[in-house]
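Okay, so here's the structure we're looking at.
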Ligand SMILES: [Zn+2]
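Residue numbers (our numbering): 499 to 771.
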C-alpha cells in the first residue's frame, strides 16, 4: 500500500517573538494566565549520520543531536512530559526549573537506538509520537522498542495511523486515525495514551473537536498560532534544525516560546517526509 506520509509536502510556520518569562514565574501564575504561557517544546524527526537528501529541519545528524542535548543539560534545562505539562496548565502543579519538552515525530527507529540513549545520559525523558502503520516496518520503531520506551519512563503518544492531513480527513476516518492507533499503542505499552500530535502540524477547529471528544487530554501542533479557545489542543512546538549552533538553538527557544498567542514572525517552507 502507499503510505501517505512518504513524499508529502507540508508548509510550516515558525515563530519568533519576545523573551520568555523567568522560570520561577511559571509556578505563580493563575490558571487562566498559565493557559497563555508556553513551555519550550522541541520537535525532532530523523536523526541520521548525515543529512543526505533531507532538509535540515527534518533531519539532524547524530553528532549535532548529541551536542544539542548536552547544551540543554549544561544550560540547566529539565525535561518534562505531557502529564506534567497538562497538570501544570490545568491545576497549577509545579514544574522543575527551566522546563522543556523534547518530542520525536514519526516513530523512526533511531528514536530508540540514538535519541533515547542520549537522553538517558542526562536523566532526560522524551515524548515519542508514533504512526502505527509504520510499527515493525524497516527503519521504524518495533513493538518491543515502543514498549521499552514506555517502560523506561518516556511518553508514547499518538500520531495517527498513516499520517493524513487532518484538515481534509473524511468524516468516516476519525476512528481509524485516532481511536484505533491509540488502542494499539495502549495495548503495546500497557499504559494510557492521552496525547496526540497533528500530522504536518495541521489542525482546524473540526480536528480539535474530534480529538477532544475522543478523550485526548492535549494535542501538539508545530508553530502556528495557538487557538485562543483551545490552547490545550494547539500546543506549539518548534522543529530543530541541524544547522543551528547551540547558541542559535538557545536563541530560538527563547524567541519562539513566550506567553503570546500571536507569536510568529518567521515563515519557513520545507519538505516533510
Ligand atoms: Zn509527522
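Each residue gets a CB set at the ideal place from its N, CA and C atoms; glycine is no exception.
As the structure is a prediction and not an experimental result, all values here were calculated from the model.
Residues with their Cβ less than 6 Å from any non-hydrogen atom of ligand 1, running along the chain, are 603, 604, 657, 661 and 697. With a minimum length of 3 residues, the unbroken runs of beta strand (DSSP E) contained wholly in the segment 565-623 fall at 597-603.
Check the Cα spacing between residue 741 and each of 566, 665, 586 and 674: the tightest is with 566.
Residue 738: not part of any beta strand (DSSP E); DSSP gives it neither H nor E. Ranking 710, 681, 650 and 669 by CA distance to the CA of residue 690 puts 681 first. Assigned with DSSP and collapsed to three states, residue 755 falls in coil, not helix or strand. Put simply, the backbone Cα of residue 552 is about 31 Å away from that of residue 583. Under the 8 Å Cβ criterion, the segment 592-611 counts as touching the segment 567-583, having at least three qualifying pairs. In the three-state reduction of the DSSP assignment, residue 546 falls in the strand class. Rounded to whole angstroms, the gap between the alpha carbons of residue 638 and residue 544 is 10 Å. When the five nearest sequence neighbours on each side are left out, the beta carbons in the same chain lying within less than 7 Å of the beta carbon of residue 744 are those of 565, 566 and 569, in order along the chain. Residue 714 and residue 640 have their alpha carbons spaced roughly 24 Å apart.
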